[in-house]
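Comments concern the structure below.
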Amino acid sequence: MYFPVSGIDCHPLVPVLAAMGISFVTSMGGLSGAFLLLPFQMSFLGYTSPGVSATNHLFNVLACPGGIVRYAREGRLLWPLALTVAVGTLPGIVLGSLIRVYWLPDESRFKVFAGLLLLWIFWRMFRDLRRPAAPARKGGGMARIHVERWDRSRLVFTFGETRHSVSCPRLAALSLGIGLAGGIYGIGGGAILSPFLVSIFGLPVHAIAGALLLGTFLASLAGVLGYGFLGLFSSLDGIGADPLLGLLLGLGGLMGSYLGARCQRFVPARRIKWGLALILLFTSLRYLWQGL
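Quick note on the working numbering: the sequence shown kicks off at 8 and runs consecutively.
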């Protein structure tokens with residue numbers, strides 16, 4: 008099957024199954040899978056123009072709702088956290104799309120940026136994994152979230168029997184920088200933000216998974232609109248998303264994220280992060296080797 012916008016040719020089931028498998032694993036860690044789907048599109052499908060970042064955002068928009076709905080039904084969607092993150096990531100995403108189109112359109116330079124970003128995500132996750140694992144509480148993955156306070160200064164909530172507190176201005180400022188990197192790469196920022204929330208803010212991965220998916224959805228929606236706007240008014244080609252490819256990727260991602268959210272409670276969070284860390288290390292080193 009030929010995709011005229013991206014200029015690639017492949018069987019339509021290939022992007023569906025790839026996105027489904029990636030999203031199934033990554034959604035259990037609160038990630039949409041777009042940070043691994045972009046290397047798949049570039050290395051396997053041969054889609055290397057700036058439009059691949061826009062298509063990645065479109066994938067997030069289509070793939071995230073399945074996991075979001077599941078977390079909401081289970082009472083594990085911390086929507087105040089997602090909205091606080093969105094306040095910072097949305098302007099960063101728009102600025103990042105400008106940088107991707109006008110300063111990083113070349114494949115080699117973009118691979119260096121992507122490799123460094125993925126390597127940094129790996130380092131944050133690996134450093135967190137080296138810390139002694141906290142004693143697991145029975146039924147922790149099935150605990151519900153109760154928001155006690157949410158205002159301009161602080162978010163306070165309980166998850167299971169533990170009370171957590173987060174500074175909203177600090178989180179929004181951090182999200183701005185993360186949104187900038189996410190806009191360039193083509194992700195909503197959940198893959199970058201997750202290690203910060205776990206290691207620095209001390210939040211449990213099972214509590215933030217749904218919020219990260221919702222924040223990723225909102226940020227990627229801004230990314231799709233931003234790249235689409237640039238495509239309308241720019242003389243450069245290949246800026247906007249490939250809607251057909253994005254639809255197939257989103258279909259697979261929708262199924263994978265829903266199944267991943269359903270199975271997350273049965274899989275130890277540490278195993279999820281170890282698997283993601285190894286994938287990140289391999290992909291980042293490969294891109295740095297190709298780009299340098």
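The beta carbon of each residue, even a glycine, is placed where N, CA and C say it ideally should be. Owing to the predicted nature of the structure, the values given are computational and were not obtained by experimental measurement.
Check                                                                                                                                     : Outcome
Cut-off 6 angstroms between Cβ atoms - residues of its own chain near residue 75, not counting five sequence neighbours on either side    : 220, 221
Coil, strand or helix - residue 146 by DSSP                                                                                               : In this prediction, residue 146 scores a pLDDT of 48, lower than 50, which makes its location untrustworthy; no coordinate-derived value is stated.
Residue 18, enclosing alpha helix (DSSP H) - first and last residue                                                                       : Looking at the DSSP string, residue 18 is not in any alpha helix (DSSP H), and its letter there is neither H nor E.
Residue burial classification, residue 207 (beta-carbon count within 10 angstroms, cutoff 16)                                             : exposed
Whether residue 276 touches residue 42 by CB criterion (8 angstroms)                                                                      : no
Pairwise C-alpha distance: residue 10 and residue 132                                                                                     : 36 angstroms
Nearest to residue 104 (by Cα), restricted to the options 80, 233, 212                                                                    : 233
Beta-bridge pairing of residue 172 - partner residues as DSSP gives them                                                                  : 163
Nonlocal neighbours in the same chain, by C-beta distance under 6 angstroms from residue 80, ignoring five residues either side           : none
Beta-carbon contacts of residue 116 that lie in its chain and below 8 angstroms, excluding the five residues immediately before and after : 298
Between the CA atoms of residue 273 and residue 16 - distance to the nearest angstrom                                                     : 38 angstroms
Element boundaries [alpha helix (DSSP H), containing residue 279]                                                                         : 276 to 298
Residue 218 vs residue 89 beta-carbon contact at 8 angstroms                                                                              : yes
Straight-line gap, residue 30 to residue 106 (C-alpha atoms, nearest Å)                                                                   : 27 angstroms
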